[in-house]
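Residue numbers (the numbering used here): 164 to 437. See below for the structure under consideration.
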DNA sequence: CCCCTATCCTGAGGGC
DNA sequence: TGCCCTCAGGATAGGG
């Protein structure tokens, strides 16, 4: 599941191939993936526009286009956005293909279809609430002082459920929520209101740490994640707890406990994490 | 307002 | 081998 480090890996991969390129043609193979914008006019609106910038906000990828549009992509659970040559056969579940003026292609694929594509000017997208409100960026300067600590300590929800809320922290998903809780030695099932200031501080230091390390390793590829060229990352081999329920804790050797928080599989060490 | 659960969807993996 | 069942989860609608 692409979270912040995976999405950032893709953005950095794609940026040098996309910026400055013009869109020659767009093929919206499965119109239902377009959640904002008109499917019928979509190809005409994109054709001829130049890609000016490729950026990320939370788990959203933004292609800023020359006529003022943003083409926005969210990868959901199983989405991928990759460069390909026009001669490569398209994989099953490819929903959008964009031909560029250098005869390369940008392909959007998403078997499970939890992802989405949006097209509009930033004003249109924000005016009609097409994009959700997003909290601070964990990798931005000032993250630990951004007010996240206060919102975590103010909620009665389980701390991991709050971390997964994109309005609280942008870009955090199931993997790195578990990893950050482990590194901070905090039980993910604790209520936010039960955390001390010292504990929220540890958590807000741990989250960027685990994300930077995952970014260095080009993301976690459990089943579906692929970078901008279709290759796997290596961060999943370095994870402390995610996917390791029932296995020994890397720190103390105790058996890692697996439960559910907010409908998500959650793994933690009963001895290390209080 | 706040919190929680069900829902969308396909493919992988287990059991028999 | 093949069939059926369960499970994985990001975002969000709707209920309590």
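Quick reminder that beta carbons are idealized off the backbone N, C-alpha and C, glycines included.
In chain order, what residues of the same chain lie with their CB nearer than 8 angstroms to the CB of residue i, ignoring the 5 residues before and after it?
i: residue 407; result: 419, 430
i: residue 249; result: 262, 266, 267, 268
Please report how far the alpha carbon of residue i lies from the alpha carbon of residue j, in whole angstroms.
i: residue 301; j: residue 371; result: 5 angstroms
i: residue 327; j: residue 226; result: 25 angstroms
i: residue 373; j: residue 170; result: 15 angstroms
i: residue 321; j: residue 166; result: 20 angstroms
i: residue 421; j: residue 200; result: 41 angstroms
i: residue 318; j: residue 355; result: 5 angstroms
i: residue 260; j: residue 247; result: 10 angstroms
i: residue 183; j: residue 366; result: 39 angstroms
i: residue 213; j: residue 168; result: 26 angstroms
i: residue 284; j: residue 333; result: 21 angstroms
i: residue 204; j: residue 244; result: 22 angstroms
i: residue 202; j: residue 312; result: 41 angstroms
i: residue 251; j: residue 270; result: 11 angstroms
i: residue 276; j: residue 240; result: 8 angstroms
i: residue 360; j: residue 253; result: 51 angstroms
i: residue 303; j: residue 369; result: 14 angstroms
i: residue 388; j: residue 211; result: 30 angstroms
Looking only at its own chain, which residues have a Cβ that is under 6 angstroms from the Cβ of residue i, when we skip the five neighbours before and after it?
i: residue 330; result: 296, 298
i: residue 178; result: 217
i: residue 314; result: 331
i: residue 190; result: 260
Based on Cα-Cα distance, which residue from the options lies nearest to residue i?
i: residue 435; options: 343, 236, 188, 277; result: 343
i: residue 325; options: 228, 250, 363; result: 363
i: residue 426; options: 379, 396, 433, 352; result: 352
i: residue 180; options: 405, 262, 415; result: 262
i: residue 233; options: 250, 209, 244; result: 209
i: residue 416; options: 403, 334, 271, 428; result: 403
i: residue 175; options: 428, 378, 433; result: 378
i: residue 280; options: 310, 286, 242, 308; result: 242
i: residue 195; options: 278, 432, 346, 428; result: 278
i: residue 413; options: 276, 186, 348, 272; result: 348
i: residue 235; options: 395, 293, 306, 187; result: 293
i: residue 274; options: 384, 290, 307, 238; result: 238
i: residue 437; options: 257, 405, 345; result: 345
i: residue 228; options: 340, 282, 219; result: 282
Could you check what DSSP says for residue i in three-state terms: helix, strand or coil?
i: residue 170; result: helix
i: residue 339; result: helix
i: residue 311; result: helix
i: residue 320; result: coil
i: residue 325; result: helix
i: residue 289; result: helix
What residues in its chain sit with their C-beta under 7 angstroms from that of residue i, if we drop five residues either side in the sequence?
i: residue 121; result: Missing from the structure shown is residue 121; the chain here goes from 164 to 437 and no further.
i: residue 390; result: 172, 173, 176, 381, 382, 396
i: residue 305; result: none
Does the Cβ of residue i lie closer than 7 angstroms to at least one heavy atom of the ligand FAD?
i: residue 249; result: As for the ligand FAD, it is missing from this structure, which has no ligand bound.
Subject >> 4-residue-minimum alpha helix (DSSP H) runs that sit fully inside the segment 173-221, ordered along the chain >> reply: 205-209
Original post:
What runs of the beta strand (DSSP E), each 3 residues or longer, lie entirely inside the segment 253-282?
Top reply: 257-263, 267-272
Original post:
Considering only residues of the segment 347-423, which uninterrupted alpha helix (DSSP H) runs meet the minimum length of 4 residues and lie entirely inside it, listed in chain order?
Top reply: 360-379
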